[in-house]
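Just so you know, the UniProt record's numbering puts 395 at position 395 of the sequence shown, and the rest follows in order with no gaps.
We put the CB at the ideal spot given by N, CA and C, even for glycine.
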Amino acid sequence: MDQMELANKISELCLSFYDRLPSAKRSLKSNEWTIYSAIVMESDDRKLEVVSCGTGTKCIGSMMLSEFGDILNDSHAEVICRRAFIRYLLFQIRASKASDRQSIFQFDEKTMKFKLMNVKFHMFTTSSPCGDASIYSTNDNQSENEEPEAKKVKMSELPNGFTGAKLLFYEDVEDVMAQTEGKIRIKPGKGDRTMSLSCSDKIARWNMMGIQGCLLSSIVDPIYLNSVILADGTSFNQTAMERALYRRFSDADKFLNHPFKLHRPTILVANNKLKFPFCRNDTDRVNPSANSIIYSRIDESERPIEVGVSGKRQGVTKKQMQTRKAHLKISKIEIFTEYLNILNEFPELKSHLYSSLINLDDLCYKDVKTSTTNDYNLQWRRLKENFLPNWTTKNENLLNFKSC
């Protein structure tokens, strides 16, 4: 199967999967648009399977950030999809211990990590990632060596080739909306400034540190996306995508040690004439949906599908809003709780990472995220200090919560 055939098959699979989601059409009003992203697993026999997906366009402001880890900061589709993927990985790690289940992981007692079997992962999306990947000239005659002009644009007038993601305030810029290529950006918010980096920046980080994230890095090696595939009809620019997702960080390898690396996924756009029908347009779908659909390929009994709004579960009562019933299963606190449950199920792993005597319930999220036993922390810190000094850092007071 060549690359374009694979891209078309993944596109068809993901769009068909979206149509079958029970909450897909109910979550959108007739005048609303959304973005849809999915992660597809390719097994060694070339079988393709959607293992996570998400929709979304919203992001909460800094005033809404929760010190309890119970609200999603970023509900853009790519981020939702990736967090749902982490939930899938946690499920697969648990399944590796069950004799009656198949798993993509196998526990290695020598390395004290879960070894990923012979599978690949691909990300599908219906929009160019916000931020740097969405900045490009629509003039095909522009020379590749020509220095691009720092274009200015208003949020209400975003044509193709422009992004709504803003330049960082402390970069001493006159216009945070200037369309300067190659810069780290934060997602826009209405009034209240967000702390969430653009999807271009986040995917670039996944290409350096792996899509599994910090918590799981203590028990699995980095997992990298084999390709990023866009739906047919998506406005995109190949040069901008490559620049945003890895080329602008080409020196990162100087600060990364094995098994971490700067990974360069294949970037493709499908040409099968299958388009996502709920994209933004100038006629009927003019308002971004406030809802997010979230799916992880796990047991039905574990709530594989959820709908989120403003970072919490949709449909909970006002009385339940401050309870666990309002948590999305992909929120920080729920993922942290599931991670600790795994350590309790594997005593040898718990002893290796911490101590057999420690009560995991006494650990807070910050303890694990900053642990020096996790090489992810050491390498990411070195990368930020030497190469990414402008990368945003959230207040550590937001990391002091404990598991559910």
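- By the criterion of a C-beta distance shorter than 8 Å, residue 363 is surrounded in its chain by 340, 354, 402, 403, once the five residues flanking it on both sides are discounted.
- Per DSSP, residue 86 is one residue of the alpha helix (DSSP H) stretching across 77-95.
- Counting only runs that start and end inside the segment 154-228, the alpha helix (DSSP H) elements of at least 4 residues fall at 199-209, 213-217.
- In its chain, beyond the 5 residues on either side, 252, 262 have a beta carbon closer than 6 Å to the beta carbon of residue 208.
- Taking a C-beta distance under 8 Å as the contact criterion, residue 38 and residue 293 do not qualify as a contact pair.
- Contact between residue 301 and residue 87 is absent: CB atoms are separated by about 14 Å, not below the 8 Å threshold.
- Residue 99 and residue 182 have their C-alpha atoms roughly 49 Å apart.
- The beta-carbon separation of residue 94 and residue 342, rounded to 6 Å, stays under the 8 Å limit for a contact.
- In the displayed model, residue 239 falls within a helix according to three-state DSSP.
- When the Cα atoms are used, residue 227 and residue 134 turn out to be separated by approximately 18 Å.
- Residue 275 and residue 232 have their alpha carbons spaced roughly 6 Å apart.
- Contact between the segment 122-131 and the segment 370-384 is absent: fewer than three C-beta pairs spanning the two stretches fall below 8 Å.
- DSSP, read as helix, strand or coil, puts residue 62 in helix.
- Of the other Cβ atoms in all chains shown, 16 or more fall within 10 Å of the Cβ of residue 50; this residue is therefore buried.
- The beta carbon of residue 333 is closer than 8 Å to those of 68, 69, 70, 327, 365, 401, 403, 404 in its chain, skipping five residues each way along the sequence.
- In the structure shown, the three-state DSSP call for residue 365 is helix.
- Close CB contacts of residue 48 within its chain, under the 7 Å cut and outside five residues either way in sequence, are with 9, 10, 13, 40, 42 (chain order).
- Between the beta-carbon of residue 185 and that of residue 175 there is about 13 Å, and that puts the pair past the 8 Å contact cut.
- In this chain, the beta strand (DSSP E) harbouring residue 113 covers 113-116.
- Among the bridge pairs identified by DSSP, residue 313 is matched with 308.
- The criterion of a C-beta distance shorter than 8 Å is satisfied by residue 278 and residue 34.
- Residue 310 sits away from residue 28, with the two beta carbons spaced by 8 Å or more.
- Residue 296 sits in a strand when the DSSP states are folded into three classes.
- Around the beta carbon of residue 265, 16 or more other beta carbons sit within 10 angstroms, so the residue counts as buried.
- Setting aside the 5 residues that flank it on each side, residue 244 is surrounded in the same chain by 132, 133, 200, each with a C-beta closer than 6 Å to its C-beta; the list follows chain order.
- Classified as exposed, residue 273 has fewer than 16 neighbouring CB atoms from the shown chains inside 10 Å of its CB.
- Sorting 283, 109, 219, 192 by C-alpha distance to the C-alpha of residue 368 places 219 at the top.
- Sequence-distant partners of residue 238 (beyond 5 residues in either direction) whose C-beta falls short of 7 Å from its own C-beta, in its chain, are 267.
- Per the DSSP secondary-structure output, residue 283 pairs with nothing in a beta bridge.
- Put simply, the backbone Cα of residue 304 is about 27 Å away from that of residue 398.
- According to the DSSP assignment, residue 351 belongs to the alpha helix (DSSP H) that extends over 347-353.
- Residue 214 is not a Cβ neighbour of residue 386, given a cutoff of 8 Å.
- Cβ-Cβ distances below 6 Å link residue 123 to 39, 225, 228 in the same chain, with the five nearest sequence neighbours on each side left out; the list follows chain order.
- With a beta-carbon spacing of about 13 Å, residue 76 and residue 53 fall beyond the 8 Å limit used to define contacts.
- Between residue 117 and residue 105, the beta carbon gap of about 7 Å places them in contact (Cβ cut-off 8 Å).
- The C-beta of residue 320 has fewer than 16 other C-beta atoms within 10 Å across all chains shown, which makes the residue exposed.
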